[in-house]
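Worksheet: one structure, shown below.
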Amino acid sequence: MEHVSRKRRVLILSEGFGAGHTQAAFALASSLEQRCSTIETRVVELGSFLHPTLAPWILGAYKKTIAAQPKWYGRLYRAQYQKSLNPLTQLALHRIFYAQTAAMITHWAPQAIVCTHPFPSVVVSRLKRAGLHIPLCTVITDYDVHGTWVSPEVNKYMVSSEDVKHKLIVHGIAAAHVEITGIPVHPSFREVHDRALIRQQFNLSSKPTVLVMGGGWGLIGGDSLSEHLLAWRERIQFIFCLGHNHKAISKLAADPRYQHPHIHLLGFTQEIGKLMEVSDLLVTKPGGMTCSEGLAKSIPMLFYDPIPGQEEENVDYFTKHGFGESIRSADTISHWLTMLASRYGDVQAKRLSNQQRKSHLPAGDGSEVILQLLG
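Here UniProt numbering is used: the first residue of the sequence shown is 1, the next is one more, and so on.
Right, here's the structure in full:
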């Protein structure tokens, strides 16, 4: 009788607070399954899976708070920066998720658990303290680390940079438990695509092109940013990606300023890598995942409206390494769009320079760390 090897299962837990956490989860799942045919993965947004009625309400309140009170969020982030979740919050997570998460783990019987958000990491860490004997890997999806990520029960941390590793060590995590892998991006971002076919697919011209992204929730910047960009629409092509923000798409589509052959409005798409391939400049909020995807494509980046806290740290990392620049005034935008319109070769040279510099940074997909945990 032919021996059939049992697939090894990896459970990857995320949360919907920003698209980056779940994108990292799916990126890691794809890398693992491509790398090893005997691995089966399952990605779960824990809150939405266990509490499908409560989770959207909490997520909606969180989005509104970030949009309306970013400075308040920043103060809270800094005030709690060195601290783990307080006992009351841990108790709430315990009561809401503990038993159901334990039942899900028992039912699916994974050989390793990966968390790309601190909440499921806290829940699984508590299960491990109660006797769960499954290796836990936690992936930090920004270029900073908040105290809520820290737990001694985590067997391995995957982090973006040497700075984040150092911060975990300061928090008391042993250096041997931290691997610098970079933030996992989907394998498709490392593929080279035919630009002519991409332009045909999205009905784009071959003009100099700017890709504008508003983060996972479609939070495109205010009117002042749009005004500065749209003033160049005769000479430069713009692609606005608004994610799941259908209200914003409808609003912009009805605005005469956006009704132009060089302006393209897109909702959620899983082909951002292709759009980055045919774009020359990325204007974006500095989420950890979007920045990491831009880095994988070597595209020059301009950052606007960072959320105080982790997004500011992301900006610091990418500007320090020369991969992007903060939009500090209209002059920043004018400088880059003038280059695109009149000195296109300079922008191409910047992309080539990015490609060369990123070779010195961690570019693993993290799958090797999980394979080591599986043994």
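C-beta: ideal position from N, C-alpha, C; glycine also. Quick caveat, the model's predicted, so the values are computed rather than measured.
Distance check between N203 and each of S353, L211, E162, H264 places H264 closest, using alpha-carbon atoms only. By the C-beta density criterion, V44 is buried, having at least 16 other C-beta atoms within 10 angstroms.
In the structure shown, V192 adopts coil according to DSSP, grouped into three states. S226 and H246 have their C-alpha atoms some 18 Å from each other. When DSSP reads this structure, V10 sits in a beta bridge with T41, A112. Here DSSP, grouped into helix, strand and coil, assigns Q201 to helix. Rounded to whole angstroms, the Cβ separation of V278 and R195 is 5 Å, and the two are in contact under 8 Å. Take the alpha-carbon of A130 and the one of Y304: they are about 44 Å apart. I183 places its beta carbon 8 Å or farther from that of S151. A straight-line Cα-Cα distance of about 19 Å links G322 and V210. The beta carbon of F189 lies closer than 7 Å to those of G273, E293, A296, K297 in the same chain, with the five residues before and after it left out. Scanning the segment 319 to 355 for uninterrupted alpha helix (DSSP H) segments of 4 residues or longer gives 330 to 342, listed from N- to C-terminal end. Listed in chain order, the non-local C-beta contacts of E33 below 7 Å within the same chain comprise I39, T41, local neighbours out to five positions each way being set aside. Around the beta carbon of Q237, 16 or more other beta carbons sit within 10 angstroms, so the residue counts as buried.
In the DSSP assignment, K156 falls within the beta strand (DSSP E) that extends over 156 to 159. Spatial neighbours of V154 in its own chain (CB-CB distance under 6 Å, excluding positions within 5 residues in sequence) are listed in chain order as L136, T138. In the pairwise beta carbon analysis, the segment 13 to 28 is classified as not touching the segment 354 to 364: fewer than three pairs are separated by under 8 Å. At a Cβ-Cβ threshold of 8 Å, T141 and M276 do not count as neighbours. D280 is positioned such that its CB atom lies no closer than 8 Å to that of V369. Distances from the alpha-carbon of T332 to those of L352, V185, V283, R343 put V283 closest. For C137, the uninterrupted beta strand (DSSP E) run begins and ends at 136 to 139, by DSSP. Annotated as proximal: S14 and T116, with beta-carbon spacing under 8 Å. Between the C-alpha atoms of A24 and F119 there is a straight-line separation of about 15 Å.
Collapsing the DSSP output to three states places E179 in a strand. Counting only the Cα atoms, R126 lies some 23 Å from G375. Residue environment analysis places W336 among the buried positions, since at least 16 neighbouring C-beta atoms fall within 10 angstroms of its C-beta. By the Cβ-count criterion, A330 is exposed, with fewer than 16 other Cβ atoms from all chains shown falling within 10 Å of its own Cβ.
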